[in-house]
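Here's the structure we're looking at; comments come further down.
2 protein chains.
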Amino acid sequence: MRYHKIPDETIRRLPIYLRGLLFSAEQGQESISSRNLADFLGINSWQIRKDFSYFGDFGTPGVGYDIKKLIKQINKILKLRVVRRAALVGVGNLGLAILAYPGFRIYGFDIAAAFDINPKKIGRKIENITIEDVSNLRTLKKRQINLAIITVPQDAAQQTADALVKAGVKGILNFSPHHITVPGKVKVITIDIAMDLARLPYYMPAG
Amino acid sequence: MRYHKIPDETIRRLPIYLRGLLFSAEQGQESISSRNLADFLGINSWQIRKDFSYFGDFGTPGVGYDIKKLIKQINKILKLRVVRRAALVGVGNLGLAILAYPGFRIYGFDIAAAFDINPKKIGRKIENITIEDVSNLRTLKKRQINLAIITVPQDAAQQTADALVKAGVKGILNFSPHHITVPGKVKVITIDIAMDLARLPYYMPAG
Chain R
1 MRYHKIPDET IRRLPIYLRG LLFSAEQGQE SISSRNLADF LGINSWQIRK DFSYFGDFGT
61 PGVGYDIKKL IKQINKILKL RVVRRAALVG VGNLGLAILA YPGFRIYGFD IAAAFDINPK
121 KIGRKIENIT IEDVSNLRTL KKRQINLAII TVPQDAAQQT ADALVKAGVK GILNFSPHHI
181 TVPGKVKVIT IDIAMDLARL PYYMPAG
Chain D
208 MRYHKIPDET IRRLPIYLRG LLFSAEQGQE SISSRNLADF LGINSWQIRK DFSYFGDFGT
268 PGVGYDIKKL IKQINKILKL RVVRRAALVG VGNLGLAILA YPGFRIYGFD IAAAFDINPK
328 KIGRKIENIT IEDVSNLRTL KKRQINLAII TVPQDAAQQT ADALVKAGVK GILNFSPHHI
388 TVPGKVKVIT IDIAMDLARL PYYMPAG
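These protein sequences, in sequence, are chains R and D. The first sequence begins at 1 in the numbering used here and counts up one residue at a time. The second sequence begins at 208 in the numbering used here and counts up one residue at a time.
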């Protein structure tokens, strides 16, 4: 099957589907209709059926989709079947919130190292991780960590990205509001935590 | 123009476009091609052209889209042209990060009130906002705040949502990993800060 033909927009939705499917599995469900998954996730059911058809799963009429099988397929496509180690840079409020957030493990991520520039923070232990000086970023390659999360202040984002690229990082999740530039071989996903709020008024009644 | 015909998936992308357009405007650009906007945002250019065509903007061949006009249109569709007051419930690490985050103002949001259950936090002033006891949530309607951000621990999410609905809130941005249930007239957008990391390995080279 030629998984690489899946459009980026479908890839963007796969983690959302995965989240809904994992929740349904936890509730003891074995199958789910596109309609029920749609209601749960707030995505159109035709969109779900179209997305799933990209990897050849058309469900069973009257029964729906096999939840376990779908979870397995999505994990395979997203290459989530191995535990991946990630580094976090910037242990401010957002960094602390992310270190304590249980959701990363669900997707197979282990935040294995945390870095900061503040001498008062270096050496402190948060969620079993000892905060290191950013100069230690150069050890990432040796430690086989090639994913990183940036939670530094806006004006430090680019230099942090540069240091991460130099340390061999191949994927960056950027929570800083600043746009960062990296070489083409490195994938950056920028998260603007305010952006989703911008969709809410559209759905709200006037007044 | 029948804006209500725009698909949810396009609405989901409009804040992303808005973000890219505002950045381009800041850089002094007046127009942008779908190709350049696509490169900047990591979205296919055909998708951008299709989305913009929903509200009748097809750009000018060889010139591209008028940035100012597009920003105006997207703000109108998303109903972002007025400043909206929002409340934040749960002043932990994530709550603190959100209170300090500059991005909300860009989309016209003013976080005007913050609530917590911890007596040690109540009365403290963060970013010009005095933290109030959650029992004060009932005053939201009178204060004309009908948007809320939930950043409480997982097991307090549903009761917080219930209190917000009772207080007349019409839109909720839920950062808690817990699924919450609300009446149909209330719109909830759940943010899983780990979910975007799940898209990264797909784009990374093997090994």
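Every residue, glycine too, gets a C-beta built ideally from N, C-alpha and C. The structure displayed is predicted, hence computed values, not measured ones.
At a cut-off of 7 Å between beta-carbon atoms, N300 of chain D makes contact with chain R. Nearest in C-alpha terms to D340 of chain D, of all of D:A294, D:L306, D:I313 and D:T388, is D:A294. Looking only at D:P214, D:I213 and D:I223, the smallest Cα-Cα distance to M195 of chain R is reached by D:I223. Runs of the alpha helix (DSSP H) lying entirely within the stretch 324–385 of chain D, each at least 4 residues long, are 364–373 in chain order.
About 6 Å separates the beta carbon of I11 of chain R from that of R406 of chain D, a gap short enough to meet the 8 Å contact definition. Counting only runs of 4 or more residues that sit fully inside the stretch 250–322 of chain D, the alpha helix (DSSP H) segments are 252–260, 274–284, 300–307 and 310–313, in chain order. Rounded to whole angstroms, Y202 of chain R and P214 of chain D show a C-alpha spacing of 12 Å. In the three-state DSSP reduction, K394 of chain D falls in the strand class (E or B). Neighbours of N44 of chain R across chain D, judged by C-beta separation under 9 Å: P214, D215 and E216. Closest in C-alpha terms to A112 of chain R, from the list R:K125, R:I145, R:V91 and R:L80, comes R:I145. Under the three-pair Cβ rule at 8 Å, the stretch 321–340 of chain D counts as touching the stretch 283–297 of chain D. Residue R:I189 holds the alpha-carbon nearest to the alpha-carbon of K170 of chain R among R:I189, R:V152 and R:Q154.
For the alpha helix (DSSP H) assignment, the uninterrupted runs of no fewer than 4 residues enclosed by the stretch 210–239 of chain D are, from N- to C-terminal side, 215–233.
Taking 7 Å as the CB threshold, Y107 of chain R lines the interface with chain D. For R85 of chain R, none of the residues of chain D pass the 9 Å Cβ criterion, the least Cβ distance being about 12 Å. The DSSP-derived three-state label of A194 of chain R is coil. Counting other Cβ atoms within 10 Å of its Cβ, V186 of chain R reaches 16 or more and is therefore classed as buried.
Collapsing the DSSP output to three states places P408 of chain D in a helix.
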